[in-house]
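Asks:
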Amino acid sequence: MNKLFIFLLTLCLVFGGYTAVASDESKLNKQINSINSEINSANAQINYFNSQLDELGRDLDHVHEELESLNHTLGSLYSEIQTSESKLGIYQNQQELLVQKQEQLRELIASLKIQKDKLASELSQLLVQFYLEAEASGVFDNQDLRFLKLVLNERTATEILEDLDKLSHLENILLASIEKLENNLADLNQKDVELKSSLQANLDLQNTILNEQRQLAGFVEAQNNLVAIQKTKQTTLADLVARSKAQQQESMNLLKNLSTKKVDIEDKLTKLRLARKQKDKPNASSKEVNLDTNFIWPVPTARGISAFFRDPEYFSLFGIPHNAIDIPLPMQTPIKAPEDGVVIKVRGGSGLDYHYLIVEHPNGYRSLYGHVYRILVSQGDVVSQGQVIALSGGLPGTTGAGFLSTGAHLHLEFTRNGSYLNPLSVLP
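One rule links them: number in the working numbering = place in the sequence shown (from 1) + 1370.
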């Protein structure tokens, strides 16, 4: 009877213990569900920020395309302006030469007119002199009267003949002067024709120059408009980049707040694991069920580290602290969970914005994996050490790379109880 009682009592104790463990596990599951609910609420807020980042990403792409188009147009415009300015310089030089030629022609015309007037005056004087000499010698009288004047003239016949020779010589001079005048007048007429032609050519050239100047003014105005547009686009781009950085910083801050608010999840997860293992091995100690965290590297490090924890060069380049390390990798390198844990945040999709995931580990640790190309787990999944959880990315213009990545790599963060840790101090 006593043995039966003891046996029944033992059964009650054993099954009662299992019932208590099961009850505790159920409570822990409810607590985890409650925590996951809070995480989902926080994730909804992060998703809102990420939707803004998506929109910013599309705007940035559009602005980049417009800037490239503007730069191409500006390059063509500068080339056209240089060509137009070169032509304008040539036309201006030609205009100056034509103006000089015009002045020379005008001076020549004036000179020819003076010569013409002088020749006319000389001709008039010669005619008067010829008339006077002829009249004095009686050349214009009839034959009898001329003979009588020769007889009665006080001058000798020799003197009269000499005067007649002079008149003949003057006649020759007169004829030569008339011929010279006619030639000069012909030259004057030819020069006048050339002057009119040159003046017309000059006028045509001036009109051409004016048209070139109007075109140049149009080019300059178009250039100023394009420059103004480019400056506006550049300002918009700077604002968009600043907003993108702010949104990314907000996500990081929110991530940190989530860690602070859910600091007890690691303890609850540890207790849950311990309860489960002790259920199978009631006599196992905490050490035997491996409650300590023993991290492994999530990716190979054959290419070294491209940016270290709080790297000053990163801060000077992007303007935000680098609370992580960057590990250069080929695109789509498998990323493994460094320790057992629970996926508490997933930011993925097919867009070009920043994609990442966060895993909670025992003892207050949390790890973040950024610029991932593809995420292979879902929020709330329990992952085991060494399990492939994502594929690396980071190549600019690819899925998940975001707008601050300069090459293919893994952005790896570690925190404990909300404080950033140097991953090199956590990993072996």
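For each residue, glycine too, the CB sits at the ideal point set by N, CA and C.
Is it buried or exposed, Ile-1543, if we count other Cβ atoms within 10 angstroms and call 16 or more buried?
Replies: That one is exposed.
Asks: When the Cα atoms are used, what is the spatial distance from Thr-1785 to Trp-1667?
Replies: Rounded to whole angstroms, Thr-1785 to Trp-1667 spans 16 Å at the Cα level.
Asks: Phe-1688 to Glu-1620, Cα distance in whole Å?
Replies: When rounded, the distance between both Cα atoms is 15 Å.
Asks: Tell me which same chain residues have a C-beta within less than 6 Å of the C-beta of Leu-1797, skipping the five on either side of it?
Replies: Closer than 6 Å at the Cβ level, and outside the excluded window around Leu-1797, lie Phe-1665, Trp-1667.
Asks: Just confirm the distance between the C-beta atoms of His-1725 and Gly-1719, as a whole number of angstroms; I'd bet it's less than 8 Å.
Replies: About 7 Å separates the two Cβ atoms, so the contact holds.
Asks: Within 10 angstroms of its Cβ, does Leu-1518 collect 16 or more other Cβ (buried), or is it exposed?
Replies: Its pLDDT being 48, under 50, Leu-1518 is placed unreliably by the model, and nothing is read from it.
Asks: Let's see if you can read the secondary structure: which residues bound the beta strand (DSSP E) around Pro-1698?
Replies: Unbroken beta strand (DSSP E) run through Pro-1698: 1695 to 1698.
Asks: Leaving aside the five residues before and after Gly-1772 along the sequence, list all residues of the same chain whose C-beta is less than 7 Å from its C-beta, in chain order.
Replies: Excluding residues within five positions, the ones whose Cβ falls inside 7 Å are Asp-1723, Tyr-1724, His-1741.
Asks: DSSP has Glu-1549 in a bridge; who is on the other side?
Replies: Its beta-bridge partners do not exist; DSSP assigns none.
Asks: Using 8 Å for Cβ pairs, my map puts Ala-1778 next to Leu-1727. What's the rounded Cβ distance?
Replies: The Cβ separation is near 18 Å, so there is no contact.
Asks: Let me make sure I understand the geometry here. Which of Phe-1679, Asp-1710, Glu-1709, Ile-1705 has the alpha-carbon closest to that of Ile-1695?
Replies: Checked all of Phe-1679, Asp-1710, Glu-1709, Ile-1705; the closest Cα to Ile-1695 is Phe-1679.
Asks: According to DSSP, Phe-1784 sits in a beta bridge with which residue or residues?
Replies: DSSP output for Phe-1784 lists Ser-1737, Leu-1791 as bridge partner(s).
Asks: If I follow the unbroken alpha helix (DSSP H) through Leu-1761, where does it start and stop?
Replies: Note, Leu-1761: premise wrong, no alpha helix (DSSP H); beta strand (DSSP E) at 1758 to 1762.
Asks: Where Lys-1657 and Asp-1710 are concerned, what is the direct C-alpha to C-alpha distance, given to the nearest angstrom?
Replies: Residue placement at Lys-1657 cannot be trusted, given a pLDDT of 40 that sits under 50; the coordinates are not used to answer.
Asks: Buried or exposed for His-1692, please, with buried defined as at least 16 other CB atoms from any protein chain shown within 10 angstroms of its CB.
Replies: By the 10 Å Cβ count, His-1692 comes out buried.
Asks: With DSSP run on the structure shown, which of helix, strand or coil describes Val-1669?
Replies: Residue state, collapsed to three classes: coil.
Asks: Helix or strand or just coil, what does DSSP make of Arg-1680?
Replies: Here Arg-1680 sits in coil by DSSP.
Asks: Do Tyr-1743 and Gly-1770 come within 7 Å of each other at the CB atom, strictly closer than that value?
Replies: Yes.
Asks: Between which two residues does the beta strand (DSSP E) carrying Gly-1711 extend?
Replies: Counting along the chain, the beta strand (DSSP E) containing Gly-1711 begins and ends at 1711 to 1717.
Asks: In terms of residues, what are the limits of the beta strand (DSSP E) holding Tyr-1743?
Replies: Element bounds for Tyr-1743: 1742 to 1745.
Asks: Flag this pair as yes or no: are the beta carbons of Val-1729 and Val-1713 separated by less than 7 Å?
Replies: Yes, the Cβ-Cβ distance between Val-1729 and Val-1713 is below 7 Å.
Asks: If I follow the unbroken beta strand (DSSP E) through Pro-1704, where does it start and stop?
Replies: Unbroken beta strand (DSSP E) run through Pro-1704: 1704 to 1706.
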